[in-house]
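Residue numbers (our numbering): -14 to 297.
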């Protein structure tokens, strides 16, 4: 039997691979980056744990999946600008990616992209950007919408047409670590600064003693303004003293999709998924929403859909 190809190594792609492995279905996973996790990346520096992607999450989200991954004690409290009850991962959000990837035995191909997908003699064909062509018994698409739209232009043109205007917010994520006395708590930014959110924590799992970590979302692109200048501007605007101990600035083009904010999102995505041919499934934050549990469950369901396809 030809194997299943999973396109995308973020949360949904990894969850799909785990479920395929549980179902004893052979698979290959293609990821365009040199690592797994998409925009989720964490690093430890100077005693701080810094996230390059999503940092804070609602405590009342569905976290039931953490127990299965051995992460039931993985969250710590976070405070934010809207006084919401938030949490973060004690060792950074990447610990979720690492837990999902642990034990996977399929073939992983990094730094590779799929240009287009077609069909031939009852199976799928994938044209890779290096010029090679793969065959697949089934395909799970767990890539951002702007890439999926391109891949399916030939095989499902009506699907691609509905994704052509899919949009993303332009949010740069900035992490800044301070000595606790140097950062005002709560930090206050002028109303006219383009900052949709900010959160902070002094949890000892994330920061050294007597320090504090601030995570800010700002609409100021690093390609237009240098990363150091963004940090300096935030430091000045909130009237912090001293100097930052550490900082990190990240921008991911596909990290903040806009359609999930719309009330008609779920209905539109259900219609979209129904356009896919048998043997093809779709999963990811662009199609299933931001919440981690939804993205993981979508990956699992995509794998189960493929399993049912093989039984039919």
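C-beta: ideal position from N, C-alpha, C; glycine also.
For this session: Would you decide whether residue 82 is buried or exposed? Buried here means 16 or more other CB atoms lie within 10 Å of its CB.
Result: Buried: at least 16 other Cβ atoms inside 10 Å.
Problem set entry | Sequence-distant residues of the same chain with beta carbon closer than 7 Å to residue 225, five excluded per side | So the qualifying residues of the chain are 163, 167, 168 and 169.
Problem set entry | CB-CB length for residue 160 against residue 36, believed under 8 Å | The Cβ separation is near 6 Å, so the contact holds.
Exercise. According to DSSP, is residue 63 helix, strand or coil?
Worked result: It is a strand residue.
For this session: Could you have a look at residue 254 and say whether DSSP puts it in helix, strand or coil?
Result: Helix.
Problem set entry | Cβ pair residue 165, residue 150 closer than 8 Å | No, they are not a contact pair.
Exercise. Assuming residue 257 and residue 174 make a contact with CB atoms under 8 Å, what is their CB distance in whole Å?
Worked result: Between residue 257 and residue 174 the beta-carbon gap is near 38 Å, outside 8 Å, which marks them as no contact.
For this session: Starting from residue 29, follow the beta strand (DSSP E) in both directions and report where the run begins and ends.
Result: Judged by DSSP secondary structure, residue 29 falls within the beta strand (DSSP E) whose first and last residues are 27 to 30.
Exercise. So, using beta-carbon positions, are residue 41 and residue 70 closer together than 8 Å?
Worked result: Their beta carbons are not under 8 Å apart, which means residue 41 does not touch residue 70 by this criterion.
Problem set entry | Buried versus exposed, by CB contacts within 10 Å (16 or more), residue 95 | Answer is exposed; the Cβ neighbour count stays below 16.
Exercise. In three-state terms, what does DSSP make of residue 133?
Worked result: If DSSP states are grouped into helix, strand and coil, residue 133 belongs with the helices.
For this session: Using only alpha-carbon positions, find the residue among 230, 239 and 127 that is nearest to residue -8.
Result: Per the C-alpha coordinates, the member of 230, 239 and 127 positioned closest to residue -8 is 127.
Exercise. Per the contact definition of three or more C-beta pairs closer than 8 Å, is the segment 127 to 142 in contact with the segment 187 to 204?
Worked result: Cβ pair count under 8 Å is below three, so no.
Problem set entry | Limits of the beta strand (DSSP E) - the one that residue 36 falls within | From DSSP, the beta strand (DSSP E) with residue 36 extends over 33 to 36.
For this session: Would you check if the segment -3 to 6 and the segment 85 to 104 touch, i.e. whether three or more CB-CB distances between them fall below 8 Å?
Result: Touching, per the Cβ criterion.
Problem set entry | Whether residue 97 touches residue 115 by CB criterion (8 Å) | A Cβ-Cβ contact shorter than 8 Å links residue 97 with residue 115.
For this session: Scan the segment 170 to 197 and note each continuous beta strand (DSSP E) run of 3 residues or more that stays entirely inside, going in chain order.
Result: For the segment 170 to 197, whole beta strand (DSSP E) runs of length 3 or above, ordered along the chain, are 182 to 186.
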